[in-house]
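Residue numbers (numbering that gives the first Met the number 0): 0 to 294. Glycine included, C-beta positions come from ideal geometry on N, C-alpha and C. Note that the structure is predicted; figures quoted are calculated from it, not measured.
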Amino acid sequence: MNDMEEVVSLLFDLLYILLILPMLIQPIVLFVSSSKRFRGMKATMNEDGVAFDCKDPDLVKGVKQNLAFLLITIVIFVMNSIFRWEDFLARYGALFYTVVLVPTVVNFLFARELNNRYEGFMLCEDCFYLGGMKYDLKKFIYTVDGDTLIFRGNRTNKKIKVPEDKLPEIVDILERYYHEDTLSLPQSVLPVDTQNDDKQVLIEVEDDFVIDITERETVYVIKVTRRSDGKDMALTMAICEFAKYMEWWYDTKAEYAEGGAAVEKKCDIYEMRLRIRMYLYENRKAFLAGTEESK
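Given below as structure tokens:
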């Protein structure tokens with residue numbers, strides 16, 4: 000075997016590794032997903048909420064991806080037969096057919112079965128189920144576009160087509176969860192340093208924090224204080240990171256102001272509030288560390 004043949008052989012070996020590894024790993028991923036969805040479907044039996052049949056976009060995407068892999072594999076085999084790559088078939092044919100084609104077919108059938116078995120959507124008071132997977136409403140904001148309900152998270156979007164007769168119930172639950180929070184703190188805990196001509200549009204209680212959003216002419220000033228004693232979290236790493244997050248998410252300007260973040264008014268106040276809640280939920284430890292610094 001000359002040097003060129005050795006290089007070609009090595010390239011084929013690498014090609015097999017690249018093709019085989021995903022095919023062998025994917026059944027494990029699908030099995031884990033199936034187990035989670037099975038538990039989620041059982042949990043919905045004990046939940047009260049609005050439910051209807053709906054395909055999970057992630058499962059539909061999985062079927063399409065596996066179908067694409069299967070078609071690519073078939074095309075390779077057809078090309079082998081047309082061009083009669085005898086050296087290739089003699090050395091790699093059996094391995095290629097068994098180790099690549101079989102897992103590809105199995106993965107496609109498994110993904111299609113998951114798509115057919117785990118379908119359905121249920122919205123509860125503080126979470127929703129889609130295809131058997133449970134999602135916490137704290138991690139999402141929502142919009143309704145016609146008959147399509149869209150949940151937007153930091154890393155994923157979920158689009159659900161809602162039957163016309165279910166839409167009012169869906170909107171009612173979401174409005175209650177996102178827009179009807181109440182405040183039950185002593186007056187001494189609340190921030191009182193806003194100017195007379197400012198409008199304090201929202202004060203909201205989280206498990207560990209009080210969120211204070213004040214509307215001014217061109218900006219919203221957002222402050223986060225500790226729930227227990229009302230101490231400002233001013234000039235902490237956490238609030239600095241929060242301002243950077245607001246800048247990134249809204250593609251707008253954010254700066255530090257009065258112990259908080261001042262953000263240009265380019266977004267809906269309710270959407271901003273939901274984003275703040277999501278940020279606090281996912282970065283709770285960082286904010287608690289920030290409160291320790293501000294003591």
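Could you tell me whether the Cβ atoms of residue 33 and residue 113 are closer together than 8 Å?
-> The residue you call residue 33 lines up with position 34 of the sequence shown. The residue you call residue 113 lines up with position 114 of the sequence shown. Yes, the pair counts as a contact, with Cβ atoms nearer than the cut-off.
Any idea what DSSP makes of residue 114, helix, strand or coil?
-> As a first step, residue 114 must be located in the sequence shown, where it is residue number 115. Residue 114: helix per DSSP, three-state reduction.
Around the Cβ of residue 102, are there at least 16 other Cβ atoms within 10 angstroms (buried) or fewer (exposed)?
-> Counting from one through the sequence shown, the residue named residue 102 turns up at place 103. Residue 102 comes out buried.
Is there at least one Cβ from chain B nearer than 8 Å to residue 61's Cβ?
-> This model lacks chain B altogether; it includes just one protein chain.
Rounded straight-line distance, which links the Cα of residue 115 to that of residue 141 = Here residue 141 refers to the residue found at position 142 of the sequence shown. Here residue 115 refers to the residue found at position 116 of the sequence shown. Cα to Cα, residue 141 sits roughly 26 Å from residue 115.
Distance between beta carbons of residue 67 and residue 121, contact taken as under 8 Å = Working through the sequence shown from its first residue, we reach residue 121 at position 122. Working through the sequence shown from its first residue, we reach residue 67 at position 68. So it is not a contact: roughly 31 Å between Cβ atoms.
Taking the beta strand (DSSP E) that residue 158 falls in, what are its first and last residues?
-> On the sequence shown, residue 158 is found 159 positions in, with the first residue counted as 1. 156–160 is the span of the beta strand (DSSP E), which, as asked, contains residue 158.
Return helix, strand or coil for residue 211, following the three-state DSSP convention.
-> Counted from its first residue, the sequence shown places residue 211 at position 212. Looking at residue 211 - three-state DSSP - the assignment turns out to be strand.
Proximal residues to residue 107 (C-beta, below 8 Å), its chain only, five neighbours per side dropped | If you number the sequence shown from 1, residue 107 lands on position 108. For residue 107, where only same-chain residues beyond five positions count, the Cβ hits under 8 Å are 62, 65, 66, 68, 69.
Just to confirm, are residue 29 and residue 109 a CB contact at a threshold of 8 Å?
-> Mapped onto the sequence shown, residue 29 falls at position 30. Mapped onto the sequence shown, residue 109 falls at position 110. Taking a C-beta distance under 8 Å as the contact criterion, residue 29 and residue 109 qualify as a contact pair.
Using the rule of at least 16 other Cβ atoms within 10 Å of the residue's Cβ for burial, across every protein chain shown, is residue 27 buried or exposed?
-> As a working note, residue 27 is residue 28 in the sequence shown. The residue is exposed, with fewer than 16 neighbouring Cβ atoms inside 10 Å.
What is the DSSP secondary structure of residue 296, reduced to helix, strand or coil?
-> As shown, the chain starts at 0 and ends at 294. That puts residue 296 outside it, with no answer to give.
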